[in-house]
Structures are given as C-alpha cells and as structure tokens.
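Participant: Position 107 of the sequence shown, counted from 1, bears residue number 1346 in this note's numbering, the numbering being contiguous throughout.
We treat Cβ as the ideally placed atom computed from N, Cα and C, and that holds for glycine.
Here you go, one structure.
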Amino acid sequence: MGKGSREKGARYEREVADALNASRKGLTYKADAQDGHADVEHDRLYIQCKRRAKLAVARHLEEVVESEKEAGELHGFKKIPIVVMREDRGESMVLMRIGDFHDLWEDADYFRRGAQEQMGPMVGGDGR
C-alpha cells in the first residue's frame, strides 16, 4: 500500500472517529490489526473503516435518499433513509449515512437513559 493510500485511510479513520465521538487507534495498532483490532475505538461499537474510490452499494443509498426526500416533500414527513440488503444465503445488513446513524444512536441513548431512570437498570440484558 502506498503512502497516499495510507494517508487517505488515516484521514477517513479520523473522520469516522470524530463523527461518532470515538478515537482512532492509529498506526500503533496496525501491527495488531490481523489479530482483530478495530480501526476506531468506541465503547459499544466495533468499527473498521473501509474507503474506496467507488462502492457498488452507494448508488442504492443515493436512490433511497432521493426517494425519501421526494416522498417527504409530497406527504410532509422526514424519515431516516436506509437500505437493507443481503447476498443469497447471507446475513442481512443495513446501510445508512453516518450522520443519520449518529442521530439515531444519540436518540436511542437518550431514551435508554430515560428508561433506566424510570425503571432502574436492566436486569440480565447486555444494554442493546
């Protein structure tokens, strides 16, 4: 991997870390990456960053973002656009914009804290 590619990857890792209020592990952890270390350190998420010139799935997200925008203008609502996809005999995955993910995560955290204040800590759960 060339220096330009490494620098582009490092910039993207910092961008993701900043967007999710997390920290980039950096080069000190790269040697351990083969042992399963994430690129970005977060309390509840295991994050590896992938940046490519083109992502085939990006056009699917662009389509749903545009469809949601048109439907929202027509019907007067705002929803978070996501793509749910899977390969044949594979596991389903969700694709969404990182800003929408951050907003959804913050909302869930807000409601989780409110429920714990009302009912006390969850018993036997892993906090999900």
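Quick check on DSSP: helix, strand or coil for residue 1331?
Facilitator: Coil at residue 1331, not helix or strand.
Participant: Are the beta-carbon atoms belonging to residue 1264 and residue 1279 less than 8 Å from one another?
Facilitator: Yes, the pair counts as a contact, with Cβ atoms nearer than the cut-off.
Participant: I need the straight-line Cα distance from residue 1304 to residue 1240, nearest angstrom please.
Facilitator: Distance between the alpha carbons of residue 1304 and residue 1240: 33 Å.
Participant: According to DSSP, is residue 1286 part of a helix, a strand, or is it coil?
Facilitator: Residue 1286 falls in the strand class under three-state DSSP.
Participant: Can you check DSSP and say which residues form a bridge with residue 1372?
Facilitator: Limits of the chain in this structure are 1240 at one end and 1367 at the other, which puts residue 1372 out of reach.
Participant: Looking only at its chain, what residues have a beta carbon closer than 7 Å to the beta carbon of residue 1252, apart from the 5 residues adjacent to it on each side?
Facilitator: Same-chain partners within the cutoff: 1263, 1278, 1279 and 1288.
Participant: Taking the alpha-carbon positions, what's the residue 1349 to residue 1244 distance?
Facilitator: Each residue's alpha carbon lies about 38 Å from the other.
Participant: Assuming residue 1323 is part of the alpha helix (DSSP H), what are its boundary residues?
Facilitator: Careful: residue 1323 lies outside any alpha helix (DSSP H), inside the beta strand (DSSP E) at 1322-1324.
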